[in-house]
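In my numbering, each residue's number is its place in the sequence shown (first place is 1) plus 515.
Glycine included, each C-beta is placed from N, C-alpha and C at the ideal position.
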Amino acid sequence: MEIPQTTASSAAPRCLVTGADGFIGSHLVEMLVARGFRVRALAQYNSFNHWGWLEGLPCLPEIDVLTGDIRDPHFCRRMVEGVDIVFHLAALIAIPYSYAAPDSYVDTNVRGTLNMCQAAHAAGVKRFIHTSTSEVYGTARYVPIDEAHPLQPQSPYSASKIGADAIAMSFFSSFGLPVTVARPFNTYGPRQSARAVIPTIISQIAAGRRRIELGDLRPTRDFNYVEDTCRGMIALAECPGAVGEVVNIGSNTEISIGETVHLIRELMGSDIEIAQDERRLRPSQSEVYRLWCDNRKIVRLTGFTPRVSLREGLIRTIAWFRDENNLRRYKVELYNV
């Protein structure tokens, strides 16, 4: 079903963003508000009533913020009432932590997605955008990786996301829920957790460290600036042809972690020493060594192409981390699992 376009004379669609308090979710909320959508944002419940990265956003007064947990099916049903479009981003995403707590990944990512699909089906939502991850492909068997590439669960995290993707698509096949599985490759930018490699590098250099600790420098990734990832997700939500489809969001390029380190070092004017931290290495059979997105499907369906080059995106991200108010949120002396 096509989503009505926002105009001055028509009521804007109401969107629900789960995981809105996180990195990509908070940027998506900002972009939706800027485009005139009415936004309901889910932040995970906590006793501090803290809304994560939603706190302090200029558009916060325009957002309907809820706190709760997608693991509760009854809460999910109430949350989805009156919603036209669901952007489902809420998930546990840290790969190293999935080795330590795999059960929690199944509970949140698989069962939480089931709860959201059941709630969305009951509410009759017009579109359900489920957020996947390129990690489900594992190490590339061929490149670039298209949507037909075999799925390889090389970590408990990727296994849980494969399960979540399957649950979402089963609701399209079984109940006609208008699902699109959006599969972003490696997103980066302001507000990203230090568990990811780009903020790990930038935050350590910005904090003045002369020696930074990293894991394996050989793997390649298809990095995408967060605004491009969000643009891709909105484009899919507005595309009738994307219903019932799995669609990659990426740039159709690859760069190694080592090359990325050298580019960041150049942009930050740093001569830091790089050391390997054994704690940051994945188990040998779990490391995903090559990710390179084939983005022809999203281009064909929506006309979407990334706008922000890696160099420009890194310049923006570095500038954000160099703001002391932002950098102090990061414990650069600790390994963020």
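query                                                                                                                                                                                     : result
Pull the bridge partners of T735 from the DSSP assignment, please.                                                                                                                        : S771, R805
Over what stretch of residues does the alpha helix (DSSP H) that includes R837 continue unbroken?                                                                                         : Neither: R837 is in no alpha helix (DSSP H) and is coded neither H nor E.
If you run the structure through DSSP and keep just helix, strand and coil, what is V580?                                                                                                 : strand
Any idea what DSSP makes of R698, helix, strand or coil?                                                                                                                                  : strand
In whole angstroms, what is the alpha-carbon distance linking L531 and I833?                                                                                                              : 30 Å
Thinking C-beta only, is R733 closer than 8 Å to S785?                                                                                                                                    : no
F538 lies in the alpha helix (DSSP H); which residues open and close that run?                                                                                                            : 538-549
Taking 8 Å as the threshold (C-beta atoms), are P611 and S649 in contact?                                                                                                                 : no
Taking the alpha carbon of Y672 as the reference point, which residue from I682, V621, N630, Y845 has its own alpha carbon closest?                                                       : V621
Could you tell me the alpha carbon to alpha carbon distance between E769 and T715, rounded to whole angstroms?                                                                            : 19 Å
By DSSP, does V847 sit in helix, in strand, or in coil?                                                                                                                                   : coil
Flag this pair as touching only if the segment 652-663 and the segment 580-600 have three or more C-beta atom pairs under 8 Å; answer yes or no.                                          : no
Using the beta-carbon count (16 or more within 10 Å), is D599 buried or exposed?                                                                                                          : buried
Looking at the unbroken alpha helix (DSSP H) that takes in F686, where does it start and where does it end?                                                                               : 671-690
For L557 and L604, I'd like the C-alpha separation in whole angstroms.                                                                                                                    : 10 Å
Can you tell me whether DSSP reads R794 as helix, strand or coil?                                                                                                                         : helix
When the distance is taken between beta carbons, is W566 closer than 8 Å to V544?                                                                                                         : no
Does the distance from the CB of T695 to the CB of I539 come in under 8 Å?                                                                                                                : no
With C-beta atoms as the reference, is L568 less than 8 Å away from D618?                                                                                                                 : Note that residue 568 is Trp in the sequence shown here, rather than Leu. No; because the gap between Cβ atoms is not below 8 Å, this pair is not in contact.
Identify, in the order they occur along the chain, each residue of the same chain with its Cβ nearer than 6 Å to the Cβ of W835, setting aside the five sequence neighbours on each side. : P705, N841
Quick check on K846: buried or exposed, where buried means 16 or more other Cβ atoms within 10 Å of its Cβ?                                                                               : exposed
Please state whether DSSP places H645 in a helix, a strand or coil.                                                                                                                       : strand
By the 10 Å Cβ neighbour count, where 16 or more other Cβ atoms means buried, how is L829 classified, buried or exposed?                                                                  : buried
Where are the alpha helix (DSSP H) runs, 4 residues long or more, that stay fully inside the segment 711-768, in chain order?                                                             : 712-721, 741-752
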